[in-house]
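> Under our numbering, think of the first position of the first sequence as 1, with each following residue one higher.
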Amino acid sequence: MQALSDQEQYRRQAVEELRSLGIDPFPAEGYEVDTMAADIHRDFRPGEARFSNVSLAGRIMSRRIMGAASFAEIQDASGRIQLYFKRDELCPGEDKTLYNTVFKRLLDIGDIIGVKGDVFITQMGEITVHVREFTLLCKALRPLPVVKEKEDVTFDAFRDPELRYRQRYVDLIVNPEVREIFVKRTRLVNAMRQFLNDRGYLEVETPILQPLYGGAAARPFTTHHNTLDMKLYLRIANELYLKRLIVGGFDGVYEFSKDFRNEGMSRFHNPEFTQMELYVAYRDYEWMMNLVEEMVEHLALALHGNTVVRVGEHEINFARPWKRYTMYEVIREFSGIDISRMTEAALIDVARDLGIQTEAGMGKGKLIDAIFGEKCEPLLIQPTFITDYPVEMSPLAKRHRSAEGLVERFEAICNGKEICNAFSELNDPIDQRRRFEEQLELGRRGDLESMVLDEDFLRALEFGMPPTAGLGIGIDRLTMIMTNQPSIQEVLFFPQMKPEIITQEVEGNEAANPFSQMGVPDAWASILARLGFSNPEQLRKTNPNKLFNDLGGLRKKLKLDIPALKIEEIRAWLEG
RNA sequence: CUCUCCGUAGCUCAGCUGGCAGAGCAAAUGACUCUUAAUCAUUGGGUCGAUGGUUCGAAUCCAUCCGGGGAGACCA
1 MQALSDQEQY RRQAVEELRS LGIDPFPAEG YEVDTMAADI HRDFRPGEAR FSNVSLAGRI
61 MSRRIMGAAS FAEIQDASGR IQLYFKRDEL CPGEDKTLYN TVFKRLLDIG DIIGVKGDVF
121 ITQMGEITVH VREFTLLCKA LRPLPVVKEK EDVTFDAFRD PELRYRQRYV DLIVNPEVRE
181 IFVKRTRLVN AMRQFLNDRG YLEVETPILQ PLYGGAAARP FTTHHNTLDM KLYLRIANEL
241 YLKRLIVGGF DGVYEFSKDF RNEGMSRFHN PEFTQMELYV AYRDYEWMMN LVEEMVEHLA
301 LALHGNTVVR VGEHEINFAR PWKRYTMYEV IREFSGIDIS RMTEAALIDV ARDLGIQTEA
361 GMGKGKLIDA IFGEKCEPLL IQPTFITDYP VEMSPLAKRH RSAEGLVERF EAICNGKEIC
421 NAFSELNDPI DQRRRFEEQL ELGRRGDLES MVLDEDFLRA LEFGMPPTAG LGIGIDRLTM
481 IMTNQPSIQE VLFFPQMKPE IITQEVEGNE AANPFSQMGV PDAWASILAR LGFSNPEQLR
541 KTNPNKLFND LGGLRKKLKL DIPALKIEEI RAWLEG
């Protein structure tokens with residue numbers, strides 16, 4: 001109990017007191033709910049019988065106790081509603097325990113209760129449930145941050161991003177606008193799925209664990225399968241599997257997929273993210289551009305009833321048609337330089353002149369991409385298609401039907417960021433093999449993201465794939481735009497973060513020291529156990545500096561009478 | 001990986017020209033029968049992120065480290 005705050009201790013005591021009064025703080029049975037808070041706010045009219053006996057359930061969010069009568073608010077999935085409790089109605093006889101002790105003293109903000117009663121309007125004009133009967137459904141052992149509001153001013157808002165992301169459940173309880181972001185995200189996905197189903201495309205699922213990774217330029221995560229004793233990769237894209245399905249005779253397949261890329265993290269990049277990839281046979285990239293315009297316009301309308309969406313300082317209009325530039329055109333437009341006939345060496349000079357860092361591993365494609373990313377992309381706020389990329393940066397796209405050295409590819413840029421990427425898919429297996437081999441060469445030059453050669457995919461292409469248009473659209477980034485959020489962490493329930501150490505209560509089995517062989521003294525072994533370490537392997541994987549920091553913290557907190565550790569001692573354990 | 005800002009009570013934050021750790025909310029106890037950031041009185045609550053240094057004395061100054069935000073690098 002030592003590690004608990006005073007408020008947590010009070011709540012645990014309340015659990016015991018409730019039990020001694022014969023009230024189960026965590027009852028097993030369900031609670032019959034027939035009304036939501038929002039129903040009452042929307043439909044209640046004074047004098048109507050319809051809300052004379054309602055049953056609802058939710059979490060207590062605030063309380064105002066005035067002796068023998070009280071107001072409280074509960075929050076259910078639809079919102080909040082005020083409750084009115086009156087002692088002498090809840091406890092008509094001599095025994096006032098239910099109100100005085102159970103409600104006033106043993107219930108807290110954060111507890112979940114069910115109530116039955118009738119709806120009325122208070123003297124202050126607020127729609128309120130007059131409680132005739134209440135039931136504790138779950139006692140909360142931790143206090144909730146209390147956020148208050150008056151005349152649209154919020155007090156003590158729960159805003160710290162670290163706490164909000166690590167404890168998203170708390171964020172969702174106290175910040176209703178956060179909840180709304182995720183509801184919109186799901187509505188966006190549903191609208192997109194409906195749009196695709198209406199056109200007859202088949203939603204499919206393909207492997208996340210792959211013996212080879214491919215379909216994008218990115219570094220993968222690796223894992224290991226014990227039975228097969230082999231290395232597996234987490235997919236970076238689903239492209240190659242979906243095209244195998246087009247070979248197999250489906251003529252429109254799509255997948256909403258979690259993809260994994262082992263790269264830097266930022267407000268636009270999370271190690272795992274969601275894409276929707278779509279492949280349609282007998283179509284080309286021109287057709288796909290029209291589909292993307294139509295689909296994204298449709299999503300904006302489905303979410304906002306309007307094609308204009310406010311994003312930060314900008315108003316973005318998704319109404320068709322969107323502006324279209326070729327890659328060379330847009331670079332000429334924004335930098336004044338015509339790079340269409342330049343060699344790799346000339347491009348390196350251009351990049352240098354524009355102040356862009358170049359590296360030995362960069363081929364022509366990466367150089368052009370760098371120039372575009374630096375000089376054009378951030379300036380494209382309204383949805384814009386960029387078409388016809390250099391062949392070097394698009395090893396899976398079909399050569400352009402008329403322009404030498406280019407491929408039939410487009411990206412849609414919006415708010416300065418790519419939201420999708422699509423091409424006429426390369427279906428010439430001989431060309432595809434050559435392009436993979438060029439990627440291998442880039443890999444030898446040090447490009448860690450170059451693609452690997454997938455023999456089975458080539459075999460599939462050799463059986464023949466119809467001309468196909470393919471699309472990948474980033475769901476997280478689209479959601480950021482559609483919900484006006486500045487970072488990807490705000491549209492992911494649980495963004496990736498460094499692990500947090502949670503201290504545990506440990507029973508006094510100090511005799512066993514699993515770390516003794518590593519040279520850890522018994523006194524510190526029990527502290528390690530508290531930090532959740534149970535075996536030496538676990539310990540060895542830990543950053544010694546962090547361990548040092550955390551052990552020092554616990555030593556101080558528990559006021560331990562042992563000298564502080566030195567970082568060298570911890571290093572010695574981990575190496576020993 | 002680089003730069004930069006931040007880390008103080010359950011939450012939001014003040015204190016930072018070194019000198020006994022503070023406020024509001026939340027909590028405890030009491031008063032109060034339509035309140036709404038309810039009100040009033042009393043009380044408790046702290047790994048000042050960690051370690052080391054400077055100092056008679058460090059939340060405050062310095063160094064290293066941990067965690068996080070922002071910007072960049074890398075990258076979609």
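Think of the CB as a built atom: it goes at the ideal place given N, C-alpha and C, for glycine as much as any other residue.
Treat the numbers as computed from the prediction; the structure is a model and nothing was measured.
According to DSSP, simplified to helix, strand and coil, what is SER266?
Correct three-state label for SER266: strand.
> Taking the beta carbon of LEU209 as the centre, do at least 16 other beta carbons fall within 10 Å, making it buried, or is it exposed?
It counts as exposed.
> Helix, strand or coil for MET66 per DSSP?
Strand at MET66.
> Let me check one thing: in DSSP terms, what residues is ILE386 bridge-paired to?
The partner list for ILE386 (beta bridge, DSSP) reads TYR325, GLU411.
> Using the beta-carbon count (16 or more within 10 Å), is TYR282 buried or exposed?
Answer is exposed; the Cβ neighbour count stays below 16.
> Within the continuous beta strand (DSSP E) that includes HIS314, where are the two ends?
Where HIS314 is concerned, the enclosing beta strand (DSSP E) stretches over 314 to 317.
> Tell me the DSSP bridge mates of VAL153?
The partner list for VAL153 (beta bridge, DSSP) reads LYS150.
> Using the C-alpha atoms, what's the distance from PHE155 back to PRO176?
Going by the C-alpha atoms only, they are around 14 Å apart.
> With H, G and I counted as helix, E and B as strand and the rest as coil, what does DSSP make of LYS116?
Residue state, collapsed to three classes: strand.
> Compute the beta-carbon to beta-carbon distance between SER70 and ARG63, rounded to the nearest angstrom, for a pair I have assumed lies under 8 Å.
Contact holds; Cβ gap of about 6 Å.
> To the nearest angstrom, how far is it from the Cα of ILE120 to the Cα of LYS139?
Sequence check: residue 120 is Phe here, not Ile. Straight-line Cα distance between these residues: approximately 28 Å.
> Going by CA-CA distance only, name the one from VAL129, ASN543, MET124 that's closest to PHE85.
Here the closest residue by C-alpha is VAL129.
> Suppose you measure from the CA of GLY336 to the CA of ASN197; what does that come to, to the nearest Å?
Each residue's alpha carbon lies about 44 Å from the other.
> In angstroms, rounded to a whole number, what distance separates the CA positions of GLN2 and GLY110?
In this prediction, GLN2 scores a pLDDT of 42, lower than 50, which makes its location untrustworthy; the coordinate-derived value is nonetheless stated afterwards. Cα to Cα, the separation comes out at about 22 Å.
> In chain order, what residues of the same chain have a beta carbon less than 6 Å from the beta carbon of GLU510, not counting five sequence neighbours either side?
Low per-residue confidence applies at GLU510: pLDDT is 47, beneath 50, and the placement is therefore not dependable, though the value from the model is reported in the following sentence. If we look at GLU510 and ignore the five residues flanking it on each side, its Cβ neighbours are SER526.
> Just how far apart, CA to CA, sit VAL308 and LEU299?
Answer to the nearest angstrom: the Cα atoms are 11 Å apart.
> Tell me the rounded alpha-carbon separation between VAL520 and ASN270.
Going by the C-alpha atoms only, they are around 37 Å apart.
> So what does DSSP say about MET480, is it helix, strand or coil?
In the structure shown, MET480 sits in a helix (DSSP, three-state: H, G or I).
> Tell me whether PRO27 is buried or exposed, calling it buried when 16 or more other Cβ atoms sit within 10 Å of its Cβ.
Answer is exposed; the Cβ neighbour count stays below 16.
> Nearest-angstrom Cα distance between LEU98 and ILE65?
Near 15 Å, if we compare the C-alpha coordinates of ILE65 and LEU98.
> With DSSP as the reference, identify every bridge partner of VAL308, one or two as the case may be.
Answer is ASN317, bridged to VAL308.
> Give the single residue among ARG168, LYS148, PRO207 whose Cα lies nearest to the Cα of MET497.
The option with the nearest alpha carbon to MET497 is ARG168.
> Where in the stretch 400 to 444 do unbroken runs of the alpha helix (DSSP H), each at least 4 residues long, occur, reported from the N-terminal end onward?
Those alpha helix (DSSP H) runs which fall completely within the stretch 400 to 444 and span 4+ residues are 429 to 444.
> Going straight from the alpha carbon of ARG401 to that of ILE331, what length do you get?
Roughly 22 Å separates the two Cα atoms.
> In the structure shown, what three-state DSSP assignment does GLN649 receive?
Lying before the first or after the last residue shown, residue 649 is absent from the chain, which here runs from 1 to 576.
> Pop quiz: TYR233 and MET327 are said to be a contact at Cβ under 8 Å. What is the actual Cβ separation, rounded to whole angstroms?
No, TYR233 and MET327 are not in contact; Cβ-Cβ is about 30 Å, not under 8 Å.
> Roughly how many angstroms lie between the CA atoms of PHE548 and ILE570, to the nearest whole one?
Roughly 7 Å between the two C-alpha positions.
> Would you decide whether PRO563 is buried or exposed? Buried here means 16 or more other CB atoms lie within 10 Å of its CB.
Classification of PRO563: exposed, given that the 10 Å Cβ count is below 16.
> Per DSSP, what are the beta-bridge partners of ARG11 in this structure?
In DSSP, ARG11 forms no bridge with anything.
> Could you round the C-beta distance between PHE221 and PHE268 to whole angstroms and report it? I think they count as a contact, below 8 Å.
Actually they are not in contact, since the Cβ atoms of PHE221 and PHE268 sit about 19 Å apart, beyond 8 Å.
> Return helix, strand or coil for GLU205, following the three-state DSSP convention.
If DSSP states are grouped into helix, strand and coil, GLU205 belongs with coil.
> Tell me the DSSP bridge mates of ILE580?
The chain is shown only over 1 to 576; residue 580 falls outside these bounds and no answer can be derived.
> Between the Cα of LEU565 and those of ARG477, LYS556, GLY552, spot the shortest distance and give me the residue it belongs to.
Comparing Cα-Cα distances from LEU565 to each of ARG477, LYS556, GLY552, the minimum goes to GLY552.
> Looking at C-alpha atoms only, which residue of LEU574, ASP251, PHE256, ASP39 is the closest neighbour of LEU188?
Nearest C-alpha to LEU188: PHE256.
> Leaving aside the five residues before and after GLU133 along the sequence, list all residues of the same chain whose C-beta is less than 6 Å from its C-beta, in chain order.
Contacts found: LYS116.
> Checking 7 Å against the spacing of the C-beta atoms, do GLU89 and ARG80 come in under that value?
Not a contact, by the Cβ cut-off of 7 Å.
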